[in-house]
Amino acid sequence: MKFSTRAIHVGQEADPATGATIVPIYQTSTYTQTAIGEHKGFDYSRTVNPTRVALEKQLASLEEARFCSAFASGMAATAAVLNLVSAGEHVVVGDDLYGGTYRLFSKVLERYNVTFSYVDMTDAENVRAALKPETKLLWVETPSNPLLKLIDVAAVAALKQPGQLLAVDNTFATSYFQSPLALGADLSVYSTTKYLGGHSDVVGGAVVTDDASVAERIKFHQNAVGGVPGPLDAWLVMRGLKTLALRMREHARNAQAIAEFLASRDDVAAVYYPGLAAHPQHELAKRQMRGFGGMVSFLPRGPESRVFEIAKRTKLFSLAESLGGVESLVCHPARMTHGSIPKEDRERRGVTDSLLRLSVGIEDADDLVADLRAALDGSR
Ligand code: P1T
297 MKFSTRAIHV
307 GQEADPATGA
317 TIVPIYQTST
327 YTQTAIGEHK
337 GFDYSRTVNP
347 TRVALEKQLA
357 SLEEARFCSA
367 FASGMAATAA
377 VLNLVSAGEH
387 VVVGDDLYGG
397 TYRLFSKVLE
407 RYNVTFSYVD
417 MTDAENVRAA
427 LKPETKLLWV
437 ETPSNPLLKL
447 IDVAAVAALK
457 QPGQLLAVDN
467 TFATSYFQSP
477 LALGADLSVY
487 STTKYLGGHS
497 DVVGGAVVTD
507 DASVAERIKF
517 HQNAVGGVPG
527 PLDAWLVMRG
537 LKTLALRMRE
547 HARNAQAIAE
557 FLASRDDVAA
567 VYYPGLAAHP
577 QHELAKRQMR
587 GFGGMVSFLP
597 RGPESRVFEI
607 AKRTKLFSLA
617 ESLGGVESLV
627 CHPARMTHGS
637 IPKEDRERRG
647 VTDSLLRLSV
657 GIEDADDLVA
667 DLRAALDGSR
């Protein structure tokens, strides 16, 4: 089955108890057992819940993988992957990444004596140079948040030594546009809050893998630590996934139009979008991705106050954190999503106070361009 068919059918069989066509929201914490040790495979909802299982099957199928564990947030999913790393071990990380991921690594995991090297992974040589005998995990975010840098997953996978794992945060591209496992990654990680849920009404996360022993450890962590999504949240992500293919095509089409519009303006100093021929890794994007996604960042020319003015003036682009919903959002990474990265580090990595990030929704592209044009013109 092709992607769209799997998104609608895998894990979505009619309910065995009632015939309900749509997977029910099994809003239960526990299950009545017929005798001690005798039950239908469900004993307690932290461990297993039928609605969550349906979502996990659907998500795994979108990468043609066998295993998925769903979590209460993207950060809970990330923490589950980092639990594969023990005290004294080392992680190589791309230097452009979601601020919350950086916060988890630097403020939580470093206290457990896990060490991190942040390198510009756009050059695989930097990855090779950062590997140590104690390196356990390579953490890749591609395209990265918020600078839309691309990392060559196959090239990084080729550097991996036995025993090392490669995890890709596939939140921006989604499984519709990019297949990290097929490119050589061991784990694919998602904030399902974003495109997979798709309607800005749920927080969730997931880890997908085809490695049985890795999957077992992630599942163990899911149950032992308990950062699981509730049945309603699992159901909302499941419903979102059924239209992922349609939505991603529109997100990408609109984002391309907006990136081209921004690139055509002389009051915009830089536009970051992998679908632009001028993007330094456009060729890699064409090779590694099936579409360029819905995220666009840009640097308006002028004083920092202009950035505030633009963010205030847009009407269709709401000023908000998060991304991947049907509605367009604008965000100021320095003060919002990446505020947890110390200013000096942040600026060194290119996330300056003048950067704006757009999550391009699936409204009409002409309306979105007109909204941005009015905000840019009005803020000059
Ligand atoms: O918010 P949560 O579901 O916990 O997901 C965390 C996360 C993980 N990975 C990436 C690439 C992300 O962008 C995020 C969350 N990002 C935002 C909230 C944001 O506005 O960038």
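With the numbering used here applied, the sequence shown covers 297 to 676.
Heads up, the beta-carbon is just placed ideally off N, CA and C, and yes, glycines get one too.
Every value quoted in this text rests on a predicted model; they were computed, and no experiment measured them.
Would a C-beta distance cut-off of 8 Å place residue i and residue j closer than the cut-off?
{"i": "TYR394", "j": "ASN441", "result": "yes"}
{"i": "ALA548", "j": "PHE588", "result": "yes"}
{"i": "LEU651", "j": "SER624", "result": "no"}
{"i": "SER365", "j": "ILE514", "result": "yes"}
{"i": "ASP507", "j": "ASP482", "result": "yes"}
{"i": "GLU359", "j": "SER509", "result": "no"}
{"i": "TYR408", "j": "VAL389", "result": "no"}
{"i": "ARG424", "j": "LEU455", "result": "yes"}
{"i": "PHE473", "j": "MET585", "result": "yes"}
{"i": "GLY396", "j": "LEU351", "result": "no"}
{"i": "ILE304", "j": "LYS538", "result": "yes"}
{"i": "LEU479", "j": "ALA511", "result": "no"}
{"i": "ASP563", "j": "GLY598", "result": "yes"}
{"i": "GLY590", "j": "THR467", "result": "no"}
{"i": "LEU434", "j": "GLN460", "result": "yes"}
{"i": "THR470", "j": "MET544", "result": "yes"}
Assuming residue i and residue j form a contact by the criterion Cβ under 8 Å, report the distance between their Cβ atoms to the nearest whole angstrom.
{"i": "ALA607", "j": "HIS628", "result": "6 Å"}
{"i": "PHE367", "j": "GLY536", "result": "Contact doesn't hold; Cβ gap of about 16 Å is too wide."}
{"i": "VAL377", "j": "ALA463", "result": "5 Å"}
{"i": "VAL622", "j": "ASN550", "result": "The pair is not a contact, with the Cβ atoms about 11 Å apart (cut-off 8 Å)."}
{"i": "ALA671", "j": "ARG631", "result": "18 Å between Cβ atoms; not a contact."}
{"i": "MET310", "j": "THR317", "result": "Reading off the sequence shown, one finds Ala at residue 310, where the question assumed Met. With a Cβ gap of about 6 Å, ALA310 and THR317 count as contacting."}
{"i": "ALA555", "j": "VAL592", "result": "5 Å"}
Could you name the residues of the same chain whose beta carbon sits closer than 6 Å to that of residue i, not counting the 5 residues immediately before and after it, in chain order?
{"i": "THR411", "result": "HIS386"}
{"i": "THR418", "result": "LYS445"}
{"i": "LYS611", "result": "ASP667"}
{"i": "ASP291", "result": "Outside the displayed span of the chain (297 to 676) sits residue 291, for which this structure offers no information."}
{"i": "GLY646", "result": "LEU443"}
{"i": "SER636", "result": "GLY395 and ARG399"}
{"i": "LEU580", "result": "LEU446 and ASP448"}
Going along the chain, which residues of its own chain have a beta-carbon closer than 7 Å to the beta-carbon of residue i, five neighbours each way excluded?
{"i": "ARG602", "result": "PRO596 and SER675"}
{"i": "ASN379", "result": "HIS517"}
{"i": "VAL498", "result": "THR489, ASP529, LEU532 and VAL533"}
{"i": "ALA372", "result": "GLY501 and GLY523"}
{"i": "VAL381", "result": "VAL387, VAL410, LYS432 and LEU433"}
In chain order, what residues of the same chain have a beta carbon less than 8 Å from the beta carbon of residue i, not counting five sequence neighbours either side?
{"i": "ALA361", "result": "LEU477, SER484, VAL504, THR505 and ASP506"}
(request) Could you name each continuous beta strand (DSSP E) segment of 3 residues or more that falls completely within the region 371 to 436, going from the start of the chain to the end? (result) 386 to 390 and 411 to 415
(request) Could I get the ranges of all uninterrupted beta strand (DSSP E) runs contained in the region 548 to 621, with 3 residues as the minimum, in chain order? (result) With a minimum length of 3 residues, the continuous beta strand (DSSP E) runs that stay inside the region 548 to 621 are 564 to 568 and 591 to 596.
(message) For the structure I just gave you, are there three or more beta carbon pairs, one from the region 525 to 534 and one from the region 475 to 493, closer than 8 Å?
(response) Cβ pair count under 8 Å is three or more, so yes.
(message) As an exercise, report each continuous beta strand (DSSP E) stretch of at least 3 residues that is fully enclosed by the region 452 to 518, in chain order.
(response) 461 to 465, 483 to 487 and 501 to 505
(request) Return the chain-ordered ranges of every alpha helix (DSSP H) run that is complete within the region 340 to 368 and spans a minimum of 4 residues. (result) For the region 340 to 368, the full-length alpha helix (DSSP H) segments reaching 4 residues or more read 346 to 357 along the chain.
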